[in-house]
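Report on one structure; see the data block that follows.
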Ligand SMILES: C[S@@+](CC[C@H](N)C(=O)[O-])C[C@H]1O[C@@H](n2cnc3c(N)ncnc32)[C@H](O)[C@@H]1O
């Protein structure tokens, strides 16, 4: 069983220092977000990454904000109306965001249309990777990008139990097994790694 984030711990996702600890500028250097227009954010939570994704993506972009937990989407919707800490960077960003309550590994977006699949601190919470990769392959556009940010599997002063984390090399092997091409990976924001993978063939499962 994976370890799911408890919505009662929302303050672990919403605190001012997080903007200094996890500056979105670093992600802008890794991904061509301004050229992307059909984005899925899996496990959006209350929107810490949803809002900058909406702000920096192409003007006509849609950001499908998916979460398995209704309460997290309630937090997101409240923040779309203007949160104290996590909030839109510009009012126009809100129009791009489409919150969707999903069941695990049922993404509820059309086939072959997504040019960026983004998930931050979620990969280690996923249950059932064959179904996850089946859905991922279904929704991705050919050459679409996948960005995973997750906890390093090593002792850190905070974060989920180490036994629930997924080592970066294990995560990379999963992507390769399901025929994704690894474009880049490395360390980011002290406690985390990132992986950028590319979908280079549709229906490859
Ligand atoms: C640690 S929180 C991170 C939230 C957000 N990405 C952030 O960085 O602030 C993990 C989120 O992923 C959601 N989640 C866990 N497993 C999921 C899954 N398989 N599909 C979609 N959402 C999931 C949880 O409900 C929670 O909102």
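Numbering (my numbering), first residue to last: 251 to 455. Think of the CB as a built atom: it goes at the ideal place given N, C-alpha and C, for glycine as much as any other residue. Computed from a predicted structure; not experimentally measured.
- Excluding its 5 nearest sequence neighbours in each direction, residue 366 has C-beta neighbours in its own chain below 6 Å: 286, 289 and 395, listed in chain order.
- Check the Cα spacing between residue 384 and each of 403, 362, 375 and 254: the tightest is with 362.
- In summary, residue 273 is exposed, with fewer than 16 beta-carbon neighbours lying within 10 Å of its beta-carbon over all protein chains present.
- Here the alpha carbon of residue 302 sits roughly 31 Å from the alpha carbon of residue 413.
- For residue 448, the enclosing beta strand (DSSP E) starts and ends at 442 to 449.
- Cβ contact annotation for residue 357 (same chain, cutoff 7 Å, sequence separation greater than five): 290, 316, 385 and 389, in chain order.
- Distances taken from the Cβ of residue 407 to the heavy atoms of ligand 1 include none shorter than 6 Å.
- For residue 335, there is no enclosing beta strand (DSSP E), as DSSP marks it with neither H nor E.
- Secondary structure at residue 299: coil, using DSSP grouped into helix, strand and coil.
- DSSP places residue 431 in the uninterrupted beta strand (DSSP E) bounded by 430 to 438.
- Pairing residue 444 with residue 398, the inter-Cα distance amounts to about 5 Å.
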